[in-house]
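Below is one structure; the comments refer to it alone.
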Amino acid sequence: MPDADPDATSVMAPGSMTGTLLDVLQDHVTRSLAEQLTKEFMNSPDFQHLRHPVIHIEARLEERSSKTEREETPHDLLFSHSVDLSEISQQQSSSSQYYNASPFGGGIISHEQQQVAGIILPDDQVLEQSDMQGASGPISPMSLRSSPADSDYESDTSTPTPPVPDNMGRQGLGGLRPARALSIPTETEETSGRQIQSGDKFPKRRALKPPGHSLQPSTLDKLIIGIWEQIYGNVNLEPQGYLDFLHVEAPHPSYGGTVLDMGHVRHGNQYIAQPAAGGSFNRMNTLCRQVTQASRTCRSLEIVVQARWVEYFNEYVDSCALTNPIVPRTKHNKAALSEACFDFGWTEKELRNKMYIWRGYKDIKDAGGWAALVFSGMGIYRFSKYRIGFGEDSMQRLRTLRPLFEVAADTLHPGWRYLLGVVGESTQQVYTEHPHDWVVFLDGSPPVPLQTTYMQWDPDFSYRQVDESIVDQTAWGCDDPRWTPPLDAIIRGAAMPLCEVCGKQQSDDPIQNSCYCFPTLFGCAKTSPSPVLIYHTPNGRNNGVIALCPFERGSPVGEFVGLITKGFQDVDVLESSTRLEKYQIWQGQQGNFTRFVNHSCKANAQYQRFTWLNTQRIILVSKGIEAGAEVTVDYSDKYWRGLDKKCLCGEACCKYK
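The following block contains the structure:
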């Protein structure tokens, strides 16, 4: 490549200007105009008094010459442009007001104040009020940073900076720069405390994941959760369900089909349902339900009998050893095994493999009771076969949970003990009434009635479990203060109420309902009881609520129900309001388990307002509750204000010790 001639002059046409030249030209013109305009604005008093200021800019391209030559040789106008400065003037006014009201004081920001605000500035550069004119809104740390472009030039009219000591170094702070706090007055209310507050919305935050590898539920944890899911599910383990299946009505002998194709019309090799035969679908639903319940009942009965068989086998071997102590016990065991193989019709290997699993059933029964065995589900087979974590610690944990299993099973499934009559066990129900009428202990102690735990404070204590809130007619008459008519005329004219969250139609009929914000509470075919129990806390807080199954973040734990009233003072109430009324929910004599939810400064649940069928409800929503954890909420500052109580949550972040 030949060398370039240094004397040659490169001529570039206007249409062939490179991007680099355009960037340099744009930067140079912008800087020159900004510097000159800033100087003129600061020296001109007219800008402060103009209501709608407008700056007019004209540009001409000409050869550099003297002023006289420019006047004699006029040039064409390249462009003319007007810039509206009204918005900048308004922002300047608001920024100046905020700056004067700053807690740091007006005028000059000191070096120490810069450090407090989380701002790093050079020691020789301090901003004054005039430098911050034109800023938008409150002063942010980003607006106070010095950019490289600003450091290349200085204004001729800049205000001199005060001297800064040499020993005052620059202190580097973290990346988070908190905004300067404004002095917001705190409203002082004369109302009494003990008012639990409810929120409007659930915070949409991403669930936190622990760093590193998180521990997965053990085999025992899965077994226990499976037991609770079976107990609190809709499974029916009463023998009556099996008997109903045996009495399924058969089709008439003249009918050529089966009970499965009743109400169908045959077309070739297929059966097509008749449009008018709606009863056939219902009959099929009933048949499928009966078969499922019968299968589940037979499975539970099978496990019960197999666990009892292992006990009979051990007793038979013990009796043979006592009768003939000379013969070793292994031979008695071999003889009993041979007799069982003959009666079962199995080989010895088959029976030994089954006995290994059946012995696991017996061990679970001895530790967790018959309820743990009956409601164990399919997970018990894997747990008994592989015996992962099948040790003394696991059995001790099941022993402490045995009273909890029996309380929930007896109160939710009163007829489950009839299965035990097959093996000669008692079928008498031990725990009656509602599951939350009993207080359980986590150390395995026998449960006690709920009222006995409050006798020392109120000898006449009584509590009635209700599923729906009751309106206090003495306070509200026949009106429900929770009811609010929709504001939107379109929603008011709709056939069914619309959800304020998802905008879908709400109805107690599950066929017509389209709102699934809280499907386990509203709009479902059948609600299931919440898997929680009332337990006695070990740290002096009396009773609390323990979660038996995990609750995912955002899922409902239950509804806060009680007496809808108003005007209560110096008692624990939950206070809420609609657009029309303020009301209180009092759970002193009636309600549900939410009455016993304790406070925690690091709560795992919160109360949230939700409107169902134009009636406001208070829902206890999970923030992420693990199985076996206590359900807690934050009672809010209004509850603790002026209250002579000490918080016993035990959290490191406790605010009310």
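Everything in the sequence shown is counted per numbering that gives the first Met the number 0, starting at 0 for the first residue and increasing by one. The beta carbon of each residue, even a glycine, is placed where N, CA and C say it ideally should be.
First and last residue of the uninterrupted alpha helix (DSSP H) at residue i
{"i": "F341", "result": "R328 to F343"}
{"i": "D392", "result": "E391 to L411"}
{"i": "L619", "result": "Segment T614 to S621 is the beta strand (DSSP E) holding L619; no alpha helix (DSSP H) there."}
{"i": "T519", "result": "No alpha helix (DSSP H) holds T519; DSSP gives it neither H nor E."}
{"i": "G423", "result": "Segment: none, G423 is in no alpha helix (DSSP H) and carries neither H nor E."}
{"i": "S513", "result": "Neither: S513 is in no alpha helix (DSSP H) and is coded neither H nor E."}
{"i": "R381", "result": "G378 to Y385"}
Residue range of the beta strand (DSSP E) that includes residue i
{"i": "Y355", "result": "Not the beta strand (DSSP E): Y355 falls in the alpha helix (DSSP H), residues E347 to V373."}
{"i": "Y430", "result": "From DSSP, Y430 is part of no beta strand (DSSP E); its letter is neither H nor E."}
{"i": "W437", "result": "W437 to V439"}
{"i": "G557", "result": "P555 to E558"}
Local conformation of residue i per DSSP, three classes
{"i": "P537", "result": "coil"}
{"i": "D26", "result": "helix"}
{"i": "I224", "result": "helix"}
{"i": "F460", "result": "coil"}
{"i": "V572", "result": "strand"}
{"i": "K581", "result": "strand"}
{"i": "I195", "result": "strand"}
{"i": "I56", "result": "strand"}
{"i": "Q607", "result": "strand"}
{"i": "D508", "result": "coil"}
{"i": "G414", "result": "coil"}
{"i": "D151", "result": "Below a pLDDT of 50, predicted positions are generally treated as unreliable, and D151, at 40, falls in that range; the measurement from the model is reported next regardless. Three-state result, D151: coil."}
{"i": "V465", "result": "coil"}
{"i": "V82", "result": "strand"}
{"i": "T218", "result": "helix"}
{"i": "P234", "result": "The sequence given here places Val at residue 234; Pro does not occur at that position. Looking at V234 - three-state DSSP - the assignment turns out to be coil, as it is neither helix nor strand."}
{"i": "T564", "result": "strand"}
{"i": "G641", "result": "coil"}
{"i": "I325", "result": "coil"}
{"i": "L76", "result": "strand"}
{"i": "V470", "result": "strand"}
{"i": "L497", "result": "strand"}
{"i": "Q589", "result": "strand"}
Bridge-paired residues (DSSP) for residue i
{"i": "I545", "result": "L532 and E629"}
{"i": "V447", "result": "V438"}
{"i": "H598", "result": "V632"}
{"i": "T296", "result": "DSSP, once it has assigned bridges, lists no residue as partnering T296."}
{"i": "F312", "result": "F312 pairs with nothing; no bridge assigned."}
{"i": "I624", "result": "F550"}
{"i": "W475", "result": "BP columns for W475 are empty, so no partner."}
query: Within the chosen definition, does the stretch 400-409 reach the stretch 359-367 through at least 3 CB pairs nearer than 8 angstroms?
result: Enough Cβ pairs lie closer than 8 angstroms, so yes.
field: Meets three-Cβ-pair contact criterion under 8 angstroms: the stretch 630-649 and the stretch 597-615
entry: Short answer: they touch.
message: I want to know whether the stretch 558-571 touches the stretch 579-593 - three or more CB-CB distances under 8 angstroms.
response: With a cut-off of 8 angstroms, the stretch 579-593 and the stretch 558-571 count as touching, because enough Cβ pairs lie within range.
- prompt: Does the stretch 460-467 come close enough to the stretch 415-425 that 3 or more CB-CB pairs lie under 8 angstroms?
  reply: The stretch 415-425, when compared against the stretch 460-467, does not touch it at the 8 angstroms Cβ threshold.
message: With a threshold of 8 angstroms, are at least 3 pairs of Cβ atoms found where one atom belongs to the stretch 384-393 and the other to the stretch 215-226?
response: Contact between the stretch 384-393 and the stretch 215-226 is present, because at least three Cβ pairs lie under 8 angstroms.
- prompt: Do the stretch 460-480 and the stretch 600-612 touch if we need at least three Cβ pairs shorter than 8 angstroms?
  reply: Counting Cβ pairs under 8 angstroms, fewer than three are found: no touch.
message: Within 8 angstroms, do at least three Cβ pairs link the stretch 373-380 to the stretch 338-353?
response: The stretch 338-353 is not in contact with the stretch 373-380.
contact_flag[the stretch 613-626, the stretch 534-550] where n(CB pairs < 8 angstroms) is 3 or more: Remark: three or more beta-carbon pairs, one from each stretch, lie closer than 8 angstroms, so the stretch 613-626 and the stretch 534-550 are flagged as touching.
Cβ contact (3+ pairs, closer than 8 angstroms) linking the stretch 503-513 and the stretch 632-651: Cβ pair count under 8 angstroms is below three, so no.
message: Would you call the stretch 641-653 in contact with the stretch 553-562, where contact means no fewer than 3 C-beta pairs closer than 8 angstroms?
response: These segments do not touch.
- prompt: Should the stretch 307-327 be regarded as contacting the stretch 275-294, the criterion being three or more beta carbon pairs within less than 8 angstroms?
  reply: With a cut-off of 8 angstroms, the stretch 275-294 and the stretch 307-327 do not count as touching, because too few Cβ pairs lie within range.
task: State whether the stretch 568-580 contacts the stretch 605-620, with contact taken as three or more CB pairs (one from each stretch) at a distance under 8 angstroms.
output: Segments in contact, yes.
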